[in-house]
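Novice: Heads up: take any position in the sequence shown, counting from 1, add 98, and you land on this note's numbering.
This is the structure, below, for whatever I ask next.
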Amino acid sequence: MYLGGLCFITDCKACVLTYEDMILRSLKAGVRWVQYRDKERSKRKVYEESVKLRRTTKNFDAVFIINDYSDIASAAGADGVHLGQDDLPIREARKIMGDDKIIGISTHSLEQARDAERDGADYIGFGPIFHTMTKDAGSPKGIEMLYEIKKQVHLPVVAIGGINLENIRSVLDGGADAVAVASAILRGNIEENVKWFMDIIHS
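Have a look at this one:
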């Protein structure tokens, strides 16, 4: 997948580090796709943080995606935006971002995944695959649903939700093009965790 097999998602609740520190550690360990997610702060603060993080990720030639906010992603010069089901529609986000930017969207059903393909998403996030404490994402969808979506939707599928070193192999075997991970990278040694994930993905 053009975005790489591992997407690191920031999570201020899973780690005491600043966003810049957690991202820098993940980048030094080999991550090349970062999604900045911040549900707590004002849009002004998110924008200011995004500008800093864009500089950091650019130094590593890493893809930088901002969660939810198409306007901030565009203003900060991010590579793309990741939308939720309650955010701007994909077509409206495209008007803001432009055709050369990446637009992904979270999906939780086959119907939503089909809608994302129809509306012009570049990739879909699907999950939660397993139970997760990172955010209230609903009931786990499981590997079988992931497999079904891969059969019927012709977009890269990024699996998310409760993915760790013990279960990532089953997710990849289920057809995921990439995995998005927050807690399982941030809890413990970030650099070592990233290395283990990358080793499995590229094995």
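For every residue, glycine included, the Cβ atom is placed at its ideal position computed from N, Cα and C.
Could you work out which residue in Cys110, His180, His206 is closest to Arg285 when comparing CA atoms only?
Specialist: Taking the first residue of the sequence shown as position 1, residue 285 is located at position 187. Comparing Cα-Cα distances from Arg285 to each of Cys110, His180, His206, the minimum goes to Cys110.
Novice: Between which residues of its own chain and Asp185 is the CB-CB distance below 6 Å, once the five residues before and five after are set aside?
Specialist: Position 87 of the sequence shown, counting from 1, holds the residue named residue 185. Taking Asp185 as the centre and dropping the five residues before and after it, the same chain places the C-beta of Asp166 closer than 6 Å to its C-beta, in chain order.
Novice: Classify Gly175 as buried or exposed, calling it buried when 16 or more other Cβ atoms lie within 10 Å of its own Cβ.
Specialist: Indexing the sequence shown from 1 puts residue 175 at position 77. Under this definition Gly175 is an exposed residue.
Novice: Going by C-alpha to C-alpha distance, which of Ser281, Glu290, Ala282, Ala257 sits closest to Asp271?
Specialist: As a working mapping, residue 271 is identified with position 173 in the sequence shown. Closest by alpha carbon: Ala257.
Novice: DSSP three-state label for Phe295, please.
Specialist: Looking up residue 295 in the sequence shown gives position 197. Correct three-state label for Phe295: helix.
Novice: Beta-carbon within less than 8 Å of Ala214's beta-carbon, same chain only, minus the 5 sequence neighbours each way: which residues are those?
Specialist: Sequence index remark: in the sequence shown, residue 214 carries index 116 (1-based). So the qualifying residues of the chain are Ile188, Ile203, Thr205, Ile222, Val251, Leu253.
Novice: State yes or no: is the C-beta of Ile200 within less than 8 Å of the C-beta of Gly178?
Specialist: The residue labelled residue 200 in the question sits at position 102 within the sequence shown. The residue labelled residue 178 in the question sits at position 80 within the sequence shown. Cβ distance < 8 Å, so Ile200 and Gly178 count as in contact.
Novice: Helix, strand or coil: how does DSSP classify Met99 here?
Specialist: In the sequence shown, counting from the first residue as 1, residue 99 sits at position 1. Only weak support exists for where Met99 lies, its pLDDT of 49 falling under 50; the coordinates are left without a value.
Novice: Please report the straight-line C-alpha distance between Ser268 and Thr230, rounded to a whole angstrom.
Specialist: Translated into the one-based positions of the sequence shown, residue 268 becomes position 170. Translated into the one-based positions of the sequence shown, residue 230 becomes position 132. In a straight line, the C-alpha of Ser268 is about 16 Å away from that of Thr230.
Novice: Give me whichever residues DSSP pairs with Val255 in a beta bridge.
Specialist: Here residue 255 corresponds to residue number 157 of the sequence shown, with the count starting at 1. Bridge partners of Val255: Ile222.
Novice: Would you say Lys248 and Gly218 are within 8 Å of each other, going by their C-beta atoms?
Specialist: Sequence index remark: in the sequence shown, residue 248 carries index 150 (1-based). Sequence index remark: in the sequence shown, residue 218 carries index 120 (1-based). The Cβ atoms of Lys248 and Gly218 lie no closer than 8 Å to each other.
Novice: For the beta strand (DSSP E) that Ile163 lies in, which residues bound it at each end?
Specialist: In the sequence shown, counting from the first residue as 1, residue 163 sits at position 65. Taken as a continuous stretch (DSSP letters only), the beta strand (DSSP E) holding Ile163 covers 161–165.
Novice: Where do the ends of the beta strand (DSSP E) carrying Ile203 lie?
Specialist: Here residue 203 refers to the residue found at position 105 when the sequence shown is read from its first residue. Start and end: 200–205.
Novice: Given that a residue counts as buried once 16 or more other Cβ atoms are within 10 Å of its Cβ, and exposed if not, what is Arg135?
Specialist: As a first step, residue 135 must be located in the sequence shown, where it is residue number 37. Under this definition Arg135 is a buried residue.
Novice: To the nearest angstrom, report how far apart Glu190 and Leu181 are at their CA atoms.
Specialist: Taking the first residue of the sequence shown as 1, we reach residue 190 at position 92. Taking the first residue of the sequence shown as 1, we reach residue 181 at position 83. Answer to the nearest angstrom: the Cα atoms are 11 Å apart.
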